[in-house]
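A.B. asks: Shown below is the structure under consideration.
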Amino acid sequence: MHSILSAMTDETPLPAPHTNIRLSRQGPIGWLTFDRPEKRNALTLEMWRALPRAMRALREQEGLRVIVLRGAGGHFSSGADISEFTRHFSGPAVMDYEAANLAAFRAVADAPMPSIAMIEGFCIGGGLALALCCDIRLASSGATFAIPPAKLGLAYPLHGLQRLLQAVSPAFAREMIFSARRVDAEKALRAGLVNDVREKDALHAETLALARGIAANAPLSIAHARAAINAIAEGRLEAERDNLAALARACFTSADYAEGRRAFAEKRKPRFTGD
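Written out as structure tokens, the structure is:
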């Protein structure tokens, strides 16, 4: 099945740190696929622990410009595997589980290149928290979102709440968390939870087109913009001013800036290298 998928999409499989996490590459685009479709890609503790290693493997790919997260079998992720909660959500094990969650969230959020969540079907709980760590979220018209801890007696991770409030209003966040009700794709779009909604058959093509468009742009310009947006959204602008100024200077002194000017004058598409 995986070889057929690779042939259809021109993806090259990459070594992955877990049997339920699949990595592949398509030119400058890296794909991270949650591959546990029989459980709607529910995330086990070992999958949480493997996510930082998976992200590191993609980061180390030379020339990679964009990372896309997706799920196999028609669902992004139904969240943490609840069948493990009895074992991992008692005593000292709780702290280990939460640490694994946080490390996974940070590995996605702190990646040095832009990330896109391609969301089909269920995007629930911890799965939604991972999608919120991505820079951009594209959803199919049949996608469903929910934050269910209030139905389980649990607390949603603070990192997930922080990312949620960067995407939606406090009122909408309260509604989602207090009610634990499912939200359809159109409501998620109106609330700002996702950037766009497409029919299921068009979602992959739209995600690929967006990823290719980002990959074709100047990496240093995007790095500055991502750092600036994150600093402003997280209230760290003053603390990050020197770093942002250095990133801006790197743009203006880069070979890519010279290439951009030449391409504009010659009426052609620029060929950026990240230098």
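Going left to right, the sequence shown walks through residues 1050 to 1324 as our numbering numbers them. Cβ coordinates follow ideal geometry from the N, Cα and C atoms, glycine included. Predicted, not measured: the structure shown is a model, and the values here were computed from it.
Which runs of the alpha helix (DSSP H) spanning at least 4 residues fall entirely within the stretch 1219–1302, listed in chain order?
C.D. replies: Those alpha helix (DSSP H) runs which fall completely within the stretch 1219–1302 and span 4+ residues are 1219–1228, 1234–1240, 1249–1265, 1268–1282 and 1286–1301.
A.B. asks: Write down the C-beta distance between residue 1190 and residue 1246 rounded to the nearest angstrom, noting that I regard them as a contact closer than 8 Å.
C.D. replies: Between residue 1246 and residue 1190 the Cβ distance is about 6 Å, and since that is below 8 Å, they are a contact.
A.B. asks: Starting from the C-beta of residue 1200, find all residues in its chain whose C-beta is less than 6 Å away, skip the five residues before and the five after it, and write them out in chain order.
C.D. replies: Taken in chain order, the residues that qualify are 1229.
A.B. asks: On a CA-only basis, which of 1192, 1282 and 1278 is nearest residue 1238? Give me that one, please.
C.D. replies: Closest option to residue 1238, Cα to Cα, is 1192.
A.B. asks: Between residue 1182 and residue 1154, which are expected to be in contact by the criterion C-beta below 8 Å, what is the C-beta distance as a whole number of angstroms?
C.D. replies: About 5 Å; that satisfies the 8 Å criterion.
A.B. asks: Give me the Cα-Cα distance between residue 1077 and residue 1202, rounded to the nearest whole angstrom.
C.D. replies: When rounded, the distance between both Cα atoms is 42 Å.
A.B. asks: Hey, would you say residue 1097 sits closer than 8 Å to residue 1180, going by beta carbons?
C.D. replies: Not in contact: residue 1097 and residue 1180 (Cβ atoms no closer than 8 Å).
A.B. asks: By how many angstroms is the C-alpha of residue 1212 removed from the C-alpha of residue 1178?
C.D. replies: Taking the straight line from one Cα to the other gives about 8 Å.
A.B. asks: Tell me whether residue 1185 sits in a helix, a strand or coil according to DSSP, three-state version.
C.D. replies: DSSP places residue 1185 in strand when its eight states are reduced to three.
A.B. asks: Which residue from 1130, 1075 and 1214 puts its Cα closest to that of residue 1241?
C.D. replies: It is 1214.
A.B. asks: Taking only runs of the beta strand (DSSP E) that begin and end inside the stretch 1080–1134, which ones reach a length of at least 3 residues, in chain order?
C.D. replies: The qualifying runs are 1115–1120.
A.B. asks: Between the stretch 1101–1114 and the stretch 1288–1305, can you find at least three pairs of beta-carbon atoms closer than 8 Å?
C.D. replies: Because the criterion of three Cβ pairs below 8 Å is not met, the stretch 1288–1305 and the stretch 1101–1114 do not touch.
A.B. asks: Which residue from 1122, 1123 and 1071 puts its Cα closest to that of residue 1099?
C.D. replies: Selected option, being the one with the closest Cα: 1071.
A.B. asks: Starting from residue 1166, trace the beta strand (DSSP E) in both directions and tell me its first and last residue.
C.D. replies: Per DSSP, residue 1166 belongs to the beta strand (DSSP E) from 1164–1168.
A.B. asks: Hey, how far is the Cα of residue 1085 from the Cα of residue 1317?
C.D. replies: Going from the Cα of residue 1085 to the Cα of residue 1317 covers about 44 Å.
A.B. asks: Specify the secondary structure class of residue 1051 as computed by DSSP and reduced to three states.
C.D. replies: Reliability fails at residue 1051, whose pLDDT of 41 lies under 50, so the model's placement of it is uncertain and the value that follows must be treated cautiously. Residue state, collapsed to three classes: helix.
A.B. asks: Taking Cβ positions, are residue 1075 and residue 1060 nearer each other than 8 Å?
C.D. replies: It is a contact, given that the beta carbons lie within the stated cut-off.
A.B. asks: For residue 1313, which three-state DSSP category applies?
C.D. replies: Helix, per DSSP.
A.B. asks: From 1136, 1164, 1236 and 1067, pick the residue whose C-alpha is nearest to that of residue 1275; which is it?
C.D. replies: Of 1136, 1164, 1236 and 1067, the residue nearest in Cα terms is 1164.
A.B. asks: May I ask you to report which of helix, strand or coil DSSP gives residue 1321?
C.D. replies: The answer is coil: DSSP assigns residue 1321 none of H, G, I, E or B.
A.B. asks: Compare the beta carbon distance of residue 1092 and residue 1116 with 8 Å and say whether it is the shorter of the two.
C.D. replies: No, these two residues do not count as a Cβ contact at 8 Å.
A.B. asks: To which residues does DSSP link residue 1194 through a beta bridge?
C.D. replies: DSSP output for residue 1194 lists 1172 and 1232 as bridge partner(s).
A.B. asks: Which first and last residues belong to the beta strand (DSSP E) in which residue 1160 is found?
C.D. replies: It is not in any beta strand (DSSP E) - residue 1160 carries neither H nor E in the DSSP assignment.
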